[in-house]
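Down below is the structure, laid out as structure tokens.
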Amino acid sequence: MNAVVTAGCAAPDQAAPLPASVDLEKETVISGVVVAAADGLPVAGGYVRLLDATGEFTAEVVTSPAGQFRFFAAPGTWTLRVLSRSGTGDAAVTVDRGLNELTLTVSP
Amino acid sequence: MSRGTVLVTADWAEKNLGAPGVVFVEVDEDTSAYDGGHLEGAVKLDWKQDLQDPVRRDFVNKQQFEALLSAKGVGNDDAVVLYGGNNNWFAAYAYWYFKLYGHRDVRLLDGGRKKWELDNRPLSTDAVSRPATSYVAGEQDLSIRAFRDEVVDAIGTKNLVDVRSPDEYAGRLLAPAHLPQEQAQRAGHIPTALSVPWSKAANEDGTFKSDDELSTLYGEAGLDGSKATIAYCRIGERSSHTWFVLHELLGQADVKNYDGSWTEYGSLVGVPVALGDEPGEA
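Given below as structure tokens:
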């Protein structure tokens, strides 16, 4: 528990596998990859933000070298928004408990 | 305080890299960001390793802070420009921390790492070493730091501002959504606390909104300008961002950051907790 406190609020390594302690029966994980619309290649260092059903900011992570991102949310409807040097992109998703995977595309 | 003395633009920063008397400091929780490329000449501070006591839950003390800044080559008369990832959360936390220990000239880089990267500005991987100094810190300025008893007493009397996301405020989430949700503490918020997420004070690129927009934001949220204010979040870094806005940008006189925040309050036995989207009764 103390570890949780001292772990702070920064986003963990987005390329790391899901920690064994994460219980997918309880957690609602939204993960995926950001790719450029032009060439389909992954976008590293993109800023992905998770917006709630009212459009309010909930969290933001930076994509891994392979373009990956991951959030721990709750069941419901969310919007993902990407800012990157390769452009921007948006996607609305409705998710459930467990692992929810998607691909986001960005264009200038 | 005003924007001109506490905030620098990315353009200003790029022109002043290496300027005498100006020290750039990157503050992150995950210092791999710094290692992958930082502002040229910037030193790094690790939010956890450098600024937190390794055993107790508290800050490094005055002597430890002096030793840290001396080793990093920061002098008492230097202008310290802080920046970092996570929309400057940890940089704002360090800003508050430098003020807590009485550093005179501290500034934030508006937009932090994010704007710098999105602007395609140069980053360096060169090792940085600065000659050591003999830094002298002041005693902690407790006029900007709130502890739990004061927070409990503030219910219904002072402005309490909860700067977490609406879902954390309401108790639907226990942590920011990039972190696993299994947590020790109860969900919810401190009764009477207004919900003003830190993110409402920032633009999408991480820069702060204009003073007019910020005044309107807190006015419409119901912040009573005649009362003292305490800001909190989960562990005190997002609320440093809001403390910076209220105290440093808008110049409100009595604003404290509650660094214990929800991880402390939500674990206290017997204190009131409110659930849902409304502030609740005192």
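Protein chains in written order, with the working numbering: chain A, 1067 to 1174; chain B, 23 to 304. The beta carbon of each residue, even a glycine, is placed where N, CA and C say it ideally should be.
On the premise that residue j lies in contact with residue i, defined as a C-beta separation below 8 Å, what is that separation, rounded to the nearest angstrom?
{"i": "residue 1141(A)", "j": "residue 1127(A)", "result": "With a Cβ gap of about 20 Å, residue 1141(A) and residue 1127(A) do not count as contacting."}
{"i": "residue 246(B)", "j": "residue 181(B)", "result": "6 Å"}
{"i": "residue 60(B)", "j": "residue 48(B)", "result": "5 Å"}
{"i": "residue 95(B)", "j": "residue 154(B)", "result": "6 Å"}
{"i": "residue 1133(A)", "j": "residue 1109(A)", "result": "5 Å"}
{"i": "residue 104(B)", "j": "residue 131(B)", "result": "7 Å"}
{"i": "residue 266(B)", "j": "residue 118(B)", "result": "7 Å"}
{"i": "residue 187(B)", "j": "residue 195(B)", "result": "7 Å"}
{"i": "residue 253(B)", "j": "residue 280(B)", "result": "7 Å"}
{"i": "residue 1171(A)", "j": "residue 1101(A)", "result": "6 Å"}
{"i": "residue 201(B)", "j": "residue 1138(A)", "result": "6 Å"}
{"i": "residue 234(B)", "j": "residue 25(B)", "result": "Their Cβ separation, rounded to whole angstroms, is 11 Å, which puts residue 234(B) and residue 25(B) out of contact at 8 Å."}
{"i": "residue 30(B)", "j": "residue 271(B)", "result": "The Cβ separation is near 13 Å, so there is no contact."}
{"i": "residue 137(B)", "j": "residue 32(B)", "result": "6 Å"}
{"i": "residue 1149(A)", "j": "residue 140(B)", "result": "6 Å"}
{"i": "residue 156(B)", "j": "residue 92(B)", "result": "6 Å"}
Have a look at residue i and residue j and give me their C-alpha separation to the nearest angstrom.
{"i": "residue 211(B)", "j": "residue 218(B)", "result": "12 Å"}
{"i": "residue 220(B)", "j": "residue 161(B)", "result": "28 Å"}
{"i": "residue 298(B)", "j": "residue 175(B)", "result": "22 Å"}
{"i": "residue 237(B)", "j": "residue 1094(A)", "result": "36 Å"}
{"i": "residue 58(B)", "j": "residue 147(B)", "result": "6 Å"}
{"i": "residue 1067(A)", "j": "residue 1079(A)", "result": "Residue placement at residue 1067(A) is poorly supported in this model, since its pLDDT is 29, which falls under 50; the coordinates are not used for a value here."}
{"i": "residue 78(B)", "j": "residue 1156(A)", "result": "43 Å"}
{"i": "residue 1091(A)", "j": "residue 1165(A)", "result": "9 Å"}
{"i": "residue 152(B)", "j": "residue 1089(A)", "result": "46 Å"}
{"i": "residue 244(B)", "j": "residue 264(B)", "result": "15 Å"}
{"i": "residue 1163(A)", "j": "residue 1085(A)", "result": "16 Å"}
{"i": "residue 86(B)", "j": "residue 277(B)", "result": "26 Å"}
{"i": "residue 115(B)", "j": "residue 1098(A)", "result": "30 Å"}
{"i": "residue 80(B)", "j": "residue 72(B)", "result": "12 Å"}
{"i": "residue 38(B)", "j": "residue 45(B)", "result": "10 Å"}
{"i": "residue 250(B)", "j": "residue 179(B)", "result": "9 Å"}
{"i": "residue 145(B)", "j": "residue 124(B)", "result": "30 Å"}
{"i": "residue 100(B)", "j": "residue 150(B)", "result": "17 Å"}
{"i": "residue 43(B)", "j": "residue 1169(A)", "result": "46 Å"}
{"i": "residue 1151(A)", "j": "residue 177(B)", "result": "45 Å"}
{"i": "residue 1167(A)", "j": "residue 242(B)", "result": "38 Å"}
{"i": "residue 292(B)", "j": "residue 199(B)", "result": "27 Å"}
{"i": "residue 1105(A)", "j": "residue 173(B)", "result": "53 Å"}
{"i": "residue 65(B)", "j": "residue 205(B)", "result": "33 Å"}
{"i": "residue 84(B)", "j": "residue 1131(A)", "result": "39 Å"}
Could you pull out every residue in the same chain whose Cβ sits closer than 7 Å to the Cβ of residue i, ignoring the five residues on either side in sequence?
{"i": "residue 158(B)", "result": "88, 98"}
{"i": "residue 215(B)", "result": "182, 183, 184, 301"}
{"i": "residue 134(B)", "result": "105, 106, 107, 109, 110, 113, 228"}
{"i": "residue 303(B)", "result": "213"}
{"i": "residue 1129(A)", "result": "1080, 1100, 1109, 1110, 1111, 1112, 1114, 1135"}
{"i": "residue 170(B)", "result": "282, 286, 287, 290"}
{"i": "residue 75(B)", "result": "81, 82"}
{"i": "residue 1082(A)", "result": "none"}
{"i": "residue 1071(A)", "result": "Residue confidence is low: residue 1071(A) scores 35 on pLDDT, short of 50, so the model does not pin down where it sits. No coordinate-derived value is stated."}
{"i": "residue 1069(A)", "result": "Unreliable placement is indicated for residue 1069(A), whose pLDDT of 32 sits below 50; the coordinate value is still reported in the next sentence. There are no such residues."}
Could you pull out every residue in the same chain whose Cβ sits closer than 6 Å to the Cβ of residue i, ignoring the five residues on either side in sequence?
{"i": "residue 40(B)", "result": "63"}
{"i": "residue 274(B)", "result": "268"}
{"i": "residue 294(B)", "result": "213"}
{"i": "residue 22(B)", "result": "In the structure as shown, chain B starts at 23 and stops at 304, and residue 22(B) therefore has no counterpart that could be examined."}
{"i": "residue 55(B)", "result": "107"}
{"i": "residue 1173(A)", "result": "1103, 1153"}
{"i": "residue 190(B)", "result": "none"}
{"i": "residue 208(B)", "result": "288, 295"}
{"i": "residue 259(B)", "result": "111, 112, 115"}
{"i": "residue 255(B)", "result": "185, 186, 261, 283"}
{"i": "residue 226(B)", "result": "none"}
Using a Cβ-Cβ cutoff of less than 8 Å, which residues in the same chain neighbour residue i once the five nearest sequence positions on both sides are dropped?
{"i": "residue 121(B)", "result": "128, 163, 166"}
{"i": "residue 1117(A)", "result": "1123, 1124, 1144, 1145, 1146, 1147"}
{"i": "residue 1119(A)", "result": "1142, 1143, 1144"}
{"i": "residue 1073(A)", "result": "Reliability fails at residue 1073(A), whose pLDDT of 46 lies under 50, so the model's placement of it is uncertain and no value is given."}
{"i": "residue 223(B)", "result": "230, 231, 236, 239, 263, 264, 267"}
{"i": "residue 1121(A)", "result": "1145"}
Give the DSSP bridge partners of residue i, in chain order.
{"i": "residue 1150(A)", "result": "1153(A)"}
{"i": "residue 74(B)", "result": "81(B)"}
{"i": "residue 1121(A)", "result": "Partner(s): none; residue 1121(A) has no beta bridge."}
{"i": "residue 218(B)", "result": "None; residue 218(B) has no bridge partner."}
{"i": "residue 29(B)", "result": "130(B)"}
{"i": "residue 1142(A)", "result": "1161(A)"}
{"i": "residue 184(B)", "result": "217(B), 254(B)"}
Using 7 Å as the limit for Cβ to Cβ distance, is residue i near chain C?
{"i": "residue 1122(A)", "result": "The structure shown contains no chain C; the protein chains it does contain are A and B."}
I want to check one thing, is the minimum distance from the CB of residue i to the heavy atoms of the ligand ATP below 6 Å?
{"i": "residue 86(B)", "result": "Questions concerning the ligand ATP fall outside what the structure shown contains, since it holds no ligand whatsoever."}
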